[in-house]
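Chemist:
There are 2 protein chains.
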Amino acid sequence: MAKHEPDLSLLFHALADPTRRSILTRLARGPAPVTELANPTGLRLPTVMRHLSVLEAAGLIATSKDGRVRSCAIVPEALAPVRTWLDEQREIWEGRLDRMDEYVMKLMEERAK
Amino acid sequence: MAKHEPDLSLLFHALADPTRRSILTRLARGPAPVTELANPTGLRLPTVMRHLSVLEAAGLIATSKDGRVRSCAIVPEALAPVRTWLDEQREIWEGRLDRMDEYVMKLMEERAK
DNA sequence: ATGTTAGTTAGCCGCATGGCTAAACATGAA
DNA sequence: TTCATGTTTAGCCATGCGGCTAACTAACAT
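Protein sequence lines, in the order shown, are assigned to chains S and X.
Numbering-wise, the working numbering puts 75 at position 46 of the first sequence, and it's gapless, one number per residue.
Numbering-wise, the working numbering puts 117 at position 88 of the second sequence, and it's gapless, one number per residue.
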């Protein structure tokens, strides 16, 4: 399925990992350098680096280097497409419920005749 | 990172694939048998089956067999944890903004002395 | 009973992912 | 300059993923 929203796939994939989610949650409280992010994970730095680049590729975080320390910060708008997708999904589903209501109504009218 | 929410990982991972998302969108309009779901994807049945089991494992769809045809239906509540996580995330972020406001206020008070 | 249709299972293939170590940079401190 | 610190790069390994074919089962239709 060649799809038009690679963003969504990147986003969902980035969010699918507990380590990455915990990094995000940590970052939601404020920017932090790489090593500080690595500490609570118990993982080695290169591993954490890769998680960070996945997050950055998905647009969920932004990083900048000051001296020799790289600071990471969350990009809160990045979650918008996810939210939008969820809303669309719910809308379609509710549309379906509405149509089901109509259908039931029609049935009841039929029966009332 | 041993995490306490395997659901979230399963959910996000299930949603990370365009084929699976399109199947979900299709199902949001009403239940459908496997072959009907497979048709628009251009993929072989076993492949689609695997996608379906990923979706089912994540609790996003439910299936039932009637005769020799298996009908798949969406489970709309399944997206709730995702929505909840997004909301929590946003809350933390906004909390951070609030604290930043406080901080700025404090700074201004200091300066006013 | 025989064929057709709808799923299912088994197993192969290539690539991506998530972990690691070891070695290389780059910068700030002594 | 030399050393310590904070990444960064390269490369290895096992596992998992997404695609396939081929072969098997389970209903329904003739």
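Idealized CB from N, CA, C, for every residue including glycine.
What number of angstroms, rounded off, separates the C-alpha of Leu39(X) from the C-alpha of Ser38(S)?
Modeler: For the purposes of this step, residue 39(X) is taken as residue 10 along the second sequence, with counting starting at 1. For the purposes of this step, residue 38(S) is taken as residue 9 along the first sequence, with counting starting at 1. Cα to Cα, the separation comes out at about 14 Å.
Chemist: I'd like the span of the alpha helix (DSSP H) that includes Val98(S), first residue to last.
Modeler: Position 69 of the first sequence, counted from the start, is the residue given in the question as residue 98(S). Not the alpha helix (DSSP H): Val98(S) falls in the beta strand (DSSP E), residues 98-103.
Chemist: Along chain S, which residues have their Cβ under 7 Å away from the Cβ of Ile90(X)?
Modeler: Locating residue 90(X) in the second sequence gives position 61, where the first residue counts as 1. Correct list: empty, because the minimum Cβ distance to chain S is about 12 Å.
Chemist: So which residues on chain S does Thr16(X) lean against when the C-beta distance must stay under 9 Å?
Modeler: Chain X is shown from 30 up to 142; residue 16(X) falls before or after that span and cannot be answered.
Chemist: Tell me which same chain residues have a C-beta within less than 8 Å of the C-beta of Leu74(X), skipping the five on either side of it?
Modeler: Locating residue 74(X) in the second sequence gives position 45, counting from the first residue. Same-chain partners within the cutoff: Val63, Thr64, Ala67.
Chemist: Alpha carbon to alpha carbon, how far is Pro88(X) from Ala107(X)?
Modeler: As a first step, residue 88(X) must be located in the second sequence, where it is residue number 59. As a first step, residue 107(X) must be located in the second sequence, where it is residue number 78. What sits at residue 88(X) in the sequence shown is Gly, not Pro. Straight-line measurement puts the Cα of Ala107(X) at about 6 Å from the Cα of Gly88(X).
Chemist: If you check the beta carbons only, do Ser51(X) and Thr70(X) fall under 9 Å apart?
Modeler: Reading the second sequence from its first residue, position 22 is the one you call residue 51(X). Reading the second sequence from its first residue, position 41 is the one you call residue 70(X). Against a cut-off of 9 Å, the Cβ pair of Thr70(X) and Ser51(X) comes out as a contact.
Chemist: For Pro62(X), name the three-state secondary structure that DSSP assigns.
Modeler: Taking the first residue of the second sequence as position 1, residue 62(X) is located at position 33. In this structure, DSSP gives Pro62(X) an extended state, which the three-state scheme calls strand.
Chemist: Within the 9 Å Cβ cut-off, does Ala67(X) reach chain S?
Modeler: Position 38 of the second sequence, counted from the first residue, corresponds to residue 67(X). No, its Cβ sits nowhere closer than 9 Å to a Cβ of chain S.
Chemist: Whole angstroms is fine: what's the gap from Leu115(S)'s alpha carbon to Arg79(X)'s?
Modeler: Taking the first sequence and counting its residues from 1, the one referred to as residue 115(S) is at position 86. Taking the second sequence and counting its residues from 1, the one referred to as residue 79(X) is at position 50. Each residue's Cα considered, the two are about 23 Å apart.
Chemist: Which partner residues of Ser51(S) appear in the DSSP bridge assignment?
Modeler: To locate residue 51(S), count along the first sequence from 1; it is residue 22. Answer is none; Ser51(S) lacks a bridge partner.
Chemist: Could you check the C-alpha separation between Ala31(X) and Pro47(S) for me, to the nearest Å?
Modeler: Counting from 1 along the second sequence, the entry for residue 31(X) is found at position 2. Counting from 1 along the first sequence, the entry for residue 47(S) is found at position 18. Because the pLDDT at Ala31(X) is just 38, under 50, the model does not fix this residue reliably, and the value given afterwards should be weighed accordingly. Their Cα atoms are separated by approximately 8 Å.
Chemist: Which two residues bound the contiguous alpha helix (DSSP H) that contains Thr92(S)?
Modeler: Residue mapping note: residue 92(S) aligns to position 63 of the first sequence, counting from 1. Careful: Thr92(S) lies outside any alpha helix (DSSP H), inside the beta strand (DSSP E) at 90-95.
Chemist: Going along chain S, which residues have a C-beta under 9 Å from Val104(X)?
Modeler: What you label residue 104(X) is simply residue 75 of the second sequence in a count that begins at 1. Under the 9 Å cutoff, chain S gives no residues; its nearest Cβ is about 10 Å from Val104(X).
Chemist: In chain X, which residues lie less than 7 Å from Ala45(S) when you measure between Cβ atoms?
Modeler: For the purposes of this step, residue 45(S) is taken as the residue at position 16 of the first sequence. Residues of chain X passing the Cβ test: Ser38, Phe41, His42, Ala45.
Chemist: Span of the alpha helix (DSSP H) holding Ala86(X)?
Modeler: On the second sequence, position 57 is the one that residue 86(X) refers to. Boundaries of the alpha helix (DSSP H) harbouring Ala86(X): 74-86, taken from the DSSP string.
Chemist: Find the nearest neighbour of Pro60(X) within the set Val111(X), Leu81(X), His42(X), judged by alpha-carbon distance.
Modeler: Residue mapping note: residue 60(X) aligns to position 31 of the second sequence, counting from 1. The residue with the shortest Cα to Cα distance from Pro60(X) is Leu81(X).
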